[in-house]
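>
What follows is the structure, encoded as structure tokens:
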């Protein structure tokens, strides 16, 4: 009896730290937002209120529309690619698969800069056309448009479809389609009657996930959409930071959160494995080389599309960051063109002499510190939460929803909530920079729990009991049994948290003030300013982030347990 | 009806099937019996059109069908783990092939029902196949394969996933259904009991080749070689050398044996194997004299219900024999095999 109560207490303690963290840094801001949003409703004159409500409705409508359109286009690109990766072996397959993953991990700010370096007024395409036809103005205006937003969304979400649907497709028991063939079904009917119905949960789940990412899109819309297009996220940002209309920002946040939760609930219902394991074979089907002419043409087409859509923007960013092609601001006369590392060198030099100027190196240092702190916080709390979720019986039913809700909150909402709640010293962002890693840790926490929990569940209790009977106390058991088994997952979740924090833009844009910008915030500032040097430095910082993320995704891809999917 | 000519197939550079030829006649059940990895499932998939052979051809009633696509061959295949469509009910699974033929709804329903009747699964129509037991799934899979009235039925280890008791019961039912449907059938298994229970013709497959074809009785009476006798579990095999060709006399570590029943000619000096069937052993309570007799130590003696099974040790060999009465464990006995009961087999 006594030991029983003792272990229960111990389990309750596991909950305590993560729960307290969430209460203070998630639920408190959330409550503040709700209060603010509802305080807004009765105030204001009829006309003003009507205008504000129609703004909410219009923004919601546009957010929905662009998300639906983006999802559809992502499916158009992702489904053929999923088929290709799950069925055919071809040269460069592994490389292309990794390249396709990179945009998903890439910070949205870097994505925006990638497309800017390719299609923007100072991008390769325009500069190329200007040089070719001797033009004085960039001939193509491709940014600040809906297609630019859609393109970026397809760029970073295709890999969700490729991974989820491709994974399901490669595990789909080939005997089922063969059985249909034996019963007289031609290829078309096999697809319609067997393959498609069995893949539908995967396709539906992946589409909803993509839809969710597109619906909460912030950085890409802000930087590629221009002033004419605003999703809920961008509108929250604009209302809060430029128009100082916090109540309206709060209302927008509530709409966003409610809808996000609805989609998340749908996602959980749809992506449940409906037929148990009956439709899955134990191992992935063998890949084969494309044989017929149609298969070869299909492979070539999809590979070309993927290379153009995914590799080209990445290469464009990297190459543009080391090439000087236009005059500096104020510089006249002959333009020095050619290879240069100047943009990288300038990152570490304060040339402007302004007191408002923060050298990019400071942003890099800030980001690394924040990322390190966020990684530690998220993993410590995530591990405690994973243990708590794994162990507690009755408590869990009440506490699990508490941990799930933060998944539905966007980073911008978090930033807004922080700004509302923590505004008095010493707790404001200016004097308490730890708010940023706290916000980042909140964003990374669900990912960490989702990475660690399956591994934890995979450790049979008998292992711990065996260690116990051999004389190991609980701390020793943790060190000798749990930790070694979890090491790979822990590595993955640390890399996850680190890269998420490095690239986080939504919350940081609220919290990182003039003096302590993070890399993404600095990139956003630099690319919004005129001058080739600012542009070049934005490219250089983006390239550094890109390389860090590439290293991160490589580690994740290698350390991930075989057969375990990312989503 | 079905004729298979000289099928060859290799897998990862290794020959899996080597010049396989045989025919399946109307109403005949051919059992392909072989160890796992002997290529028997691959052979079935080649006949089904799910895999391509490197060389050889398939013929149906004198017409070559090697390049006819799977869905137009009109063959039925019951998969090893059934491959039932998890997104369809029992009804939906069985009706699938009929719907592919574009039959009117009423006919689809009537024939689905009669197929379910044949496997005694009426009443399960609306059940999800994922909720069925192994035996029930097996019946639905059989009904699904039979419903479109295929001109050939193939079964790939259909009982492999079931436990022993259920397997025994289902062998009997399969025999009834195969007999009632009067369809030519190819049945692939590694299980002797299944093969003996179902086959009109047994075909032994070993290392990509057909070792022997014949009725169950033929294979029992005269196995083609030592591997066949060992695989069929016919008795103990003793290595020896031919001493005289006529009458055949074989020298072994257990002494010399005279063999009178001989299917082929032997040359003196040839290495052979003698098959000692357990039911043919005679136990003598006197010292061995002359050929066909040897002394053995009794290691164990078990009562098997009707006979006693004893395990004997002679030199490096351990052999089993059946006797009507128990023999005391630990003693030495003399065992004799009469010349007409012994088989001399090619060593392999």
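Chains as they are written, first to last, in our numbering: chain A, 1 to 567; chain B, 1 to 348.
Beta carbons: idealized from backbone N, C-alpha and C, even for Gly.
On the CB-based measure, 16 or more other CB atoms within 10 Å of its CB, does residue 227/A come out buried or exposed?
That one is exposed.
> Can you tell me which of the three DSSP states residue 316/B falls into?
Coil.
> With DSSP as the reference, identify every bridge partner of residue 339/A, one or two as the case may be.
323/A, per the DSSP bridge assignment.
> Three or more C-beta pairs under 8 Å: does that hold for the stretch 406-416 of chain A against the stretch 489-507 of chain A?
With the cut-off at 8 Å, the stretch 406-416 of chain A and the stretch 489-507 of chain A touch.
> Can you give the Cα-Cα distance for residue 470/A and residue 19/A, rounded to whole angstroms?
If you take the alpha carbons of residue 470/A and residue 19/A, they lie about 34 Å apart.
> Which residues of the stretch 189-200 of chain A have a Cβ closer than 9 Å to any Cβ of chain B? Give them in chain order.
Taking 9 Å as the Cβ-Cβ cut-off against chain B, the residues of the stretch 189-200 of chain A that qualify are 189, 190, 193, 194, 197, 198, 200.
> Looking at chain B, which residues of the stretch 529-552 of chain A have a Cβ within less than 9 Å of any of its Cβ atoms?
Against chain B - using a Cβ distance shorter than 9 Å - the stretch 529-552 of chain A contributes no residues.
> Go to residue 336/B, then tell me how far its alpha helix (DSSP H) extends in each direction, as first and last residue.
From DSSP, residue 336/B is part of no alpha helix (DSSP H) but of the beta strand (DSSP E) over 332-336.
> At the level of alpha carbons, what is the spacing between residue 10/B and residue 46/B?
Cα to Cα, the separation comes out at about 12 Å.
> Per DSSP, which one or two residues make a beta bridge with residue 482/A?
Looking at the DSSP assignment, residue 482/A forms no beta bridge with any residue, so it has no partner.
> Whole angstroms is fine: what's the gap from residue 202/A's alpha carbon to residue 67/A's?
Taking the straight line from one Cα to the other gives about 19 Å.
> Spell out whether any CB of chain B is found under 8 Å from the CB atom of residue 452/A.
Residue 452/A does not count as touching chain B.
> To be precise: take each residue of the stretch 173-189 of chain A, compare its Cβ to all Cβ atoms of chain B, and keep it if any distance is under 8 Å. Which residues remain?
Going along the stretch 173-189 of chain A in chain order, one finds 173, 175, 176, 178, 179, 180, 181, 182, 183, 184, 185, 186, 189 with a Cβ nearer than 8 Å to chain B.
> Tell me, please, which residues DSSP counts as bridged to residue 361/B.
With chain B represented from 1 up to 348, any question about residue 361/B goes unanswered, as that position is not in the structure.
> Taking the straight line between their C-alpha atoms, what separation do you get for residue 268/A and residue 205/A?
Rounded to whole angstroms, residue 268/A to residue 205/A spans 8 Å at the Cα level.
> Could you name the residues of the stretch 130-160 of chain B whose beta carbon sits closer than 8 Å to any beta carbon of chain A, in the order they occur along the chain?
Going along the stretch 130-160 of chain B in chain order, one finds 130, 144, 145, 148 with a Cβ nearer than 8 Å to chain A.
> For chain A, find out if any of its Cβ atoms is closer than 8 Å to the Cβ of residue 100/B; answer yes or no.
Answer yes: the Cβ-Cβ gap between residue 100/B and chain A drops below 8 Å somewhere.
> Just checking my contact of residue 289/A with residue 88/A at CB under 8 Å: how many whole Å lie between their CB atoms?
Confirmed, about 7 Å.
> Under three-state DSSP, which class holds residue 199/B?
Residue 199/B falls in the coil class under three-state DSSP.
> Taking the beta carbon of residue 297/A as the centre, do at least 16 other beta carbons fall within 10 Å, making it buried, or is it exposed?
Burial call: exposed.
> State the CB to CB distance for the pair residue 357/B and residue 223/B, rounded to an integer number of angstroms; the pair is presumed to be in contact (CB under 8 Å).
In the structure as shown, chain B starts at 1 and stops at 348, and residue 357/B therefore has no counterpart that could be examined.
> Whose C-beta lies closer than 7 Å to the C-beta of residue 333/A among residues of the same chain, with five residues either side of it excluded?
Note on residue 333/A: pLDDT 46, under 50, position unreliable in the model; the coordinate value appears next. No residues qualify anywhere along the chain.
> For residue 122/B, which of helix, strand or coil comes out of DSSP?
Residue 122/B falls in the coil class under three-state DSSP.
> Give the C-beta separation of residue 485/A and residue 467/A to the nearest angstrom, bearing in mind that I take them to be a contact with Cβ-Cβ under 8 Å.
Not quite, the Cβ-Cβ distance comes to about 12 Å (not below 8 Å), so this is no contact.
> Restricting to Cα atoms, I'd like to know which of 76/B, 217/B, 201/B, 216/B is closest to residue 181/B.
Out of 76/B, 217/B, 201/B, 216/B, 76/B has the C-alpha closest to the C-alpha of residue 181/B.
> For residue 171/A, which of 387/A, 344/A, 33/A, 85/A has the nearest alpha-carbon?
Comparing Cα-Cα distances from residue 171/A to each of 387/A, 344/A, 33/A, 85/A, the minimum goes to 85/A.
> From what residue to what residue does the alpha helix (DSSP H) around residue 266/B run?
Careful: residue 266/B lies outside any alpha helix (DSSP H) and carries neither H nor E.
> Could you tell me which residues DSSP puts in a beta bridge with residue 187/B?
Bridge partners of residue 187/B: 31/B, 155/B.
> Along the chain, where does the beta strand (DSSP E) that runs through residue 78/B open and close?
It spans 75-78 - the beta strand (DSSP E) in which residue 78/B sits, taken as one unbroken run.
> For a cutoff of 8 Å on Cβ pairs, would you count residue 77/B as touching chain A?
True, the Cβ-Cβ gap to chain A drops below 8 Å.
> Among the candidates 91/A, 13/A, 100/A, whose CA atom is the shortest distance from the CA of residue 81/A?
Nearest of 91/A, 13/A, 100/A to residue 81/A, Cα basis: 100/A.
> Can you name the residues that DSSP bridges to residue 88/A?
288/A, per the DSSP bridge assignment.
> For residue 202/B, would you say it is in contact with chain A, using Cβ-to-Cβ distances shorter than 8 Å as the test?
With 8 Å as the cut-off, residue 202/B does not count as an interface residue toward chain A.
> In three-state terms, what does DSSP make of residue 23/A?
Residue 23/A: helix per DSSP, three-state reduction.
> Could you check the C-alpha separation between residue 194/A and residue 15/B for me, to the nearest Å?
In a straight line, the C-alpha of residue 194/A is about 34 Å away from that of residue 15/B.
> For the putative contact between residue 453/A and residue 540/A, defined by C-beta atoms under 8 Å, what is the C-beta separation to the nearest angstrom?
Actually they are not in contact, since the Cβ atoms of residue 453/A and residue 540/A sit about 39 Å apart, beyond 8 Å.
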